Amino acid sequence: MNSTQRLSPGRRTVGYTFIGKDPESGEEGCPAVWVDDDRRLLVQGRHADVEALSRTIEDSPRADDESLIVLEPRMIPLLKGVAESIEVR
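Using this note's numbering, you'd call the opening residue of the sequence shown number 13 and step up by one each time.
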C-alpha cells in the first residue's frame, strides 16, 4: 500500500473508516481518527503526561483498559468530521 492510499480520508478498511490524521505530522506515528462500523470513535495520539493523568483522574476515574490521549487543537476539524460521519450513517 502506498502512502497516498494509507492517508486518504474516508478510506475504508474492513470495519473501519479512516477520517484523517494530524495535518502537521509526517508519515509515521501521527495522531489519527477512525470510526468503526458500530459508530465508535478510534483515536491514535500521544499518551497524556503524569500531570494530566493525575489532574483528570479526580473528574473521571479510568478503568484498567482506558487511556488518556492528548490531541492538538489542529485535530478539531477531524473530530468534527467524525461527528458528521457518524450522523450520516
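We treat Cβ as the ideally placed atom computed from N, Cα and C, and that holds for glycine.
All values derive from a computational prediction rather than experimental measurement.
Determine the direct distance from the alpha carbon of residue j to that of residue i, and round the result to whole angstroms.
| i | j | result |
| --- | --- | --- |
| S37 | P73 | 30 Å |
| V94 | V26 | 17 Å |
| D49 | D77 | 21 Å |
| V47 | D71 | 26 Å |
| L53 | E96 | 12 Å |
Which residues bound the beta strand (DSSP E) around residue i?
| i | result |
| --- | --- |
| V55 | L53 to Q56 |
| A75 | No beta strand (DSSP E) contains A75, which DSSP labels as neither H nor E. |
Excluding the 5 residues flanking residue i on each side, which residues of the same chain have their C-beta closer than 6 Å to its C-beta?
| i | result |
| --- | --- |
| I81 | V55 and G57 |
| L83 | P43 and G57 |
CB-CB under 7 Å to residue i, same chain, minus the five flanking residues each way: which ones, in chain order?
| i | result |
| --- | --- |
| P35 | R86 |
| L90 | I31, G32 and V45 |
| R79 | In the sequence on display, residue 79 carries Ser and not Arg. Once the five neighbours on either side are set aside, the close Cβ partners of S79 are H59. |
| A75 | none |
What span of residues does the alpha helix (DSSP H) with residue i cover, start to end?
| i | result |
| --- | --- |
| V62 | V62 to T68 |
Apart from the five residues on each side of it in sequence, which residues of its chain come closer than 8 Å, Cβ to Cβ, to residue i?
| i | result |
| --- | --- |
| T68 | A60 and L80 |
To the nearest whole angstrom, what separates the beta carbons of residue i and residue j, a pair I think is in contact under 8 Å?
| i | j | result |
| --- | --- | --- |
| I98 | R51 | 5 Å |
Does the stretch 63-70 come into contact with the stretch 36-54, if we say contact requires no fewer than three beta-carbon pairs (one atom in each stretch) closer than 8 Å? Counting Cβ pairs under 8 Å, fewer than three are found: no touch.
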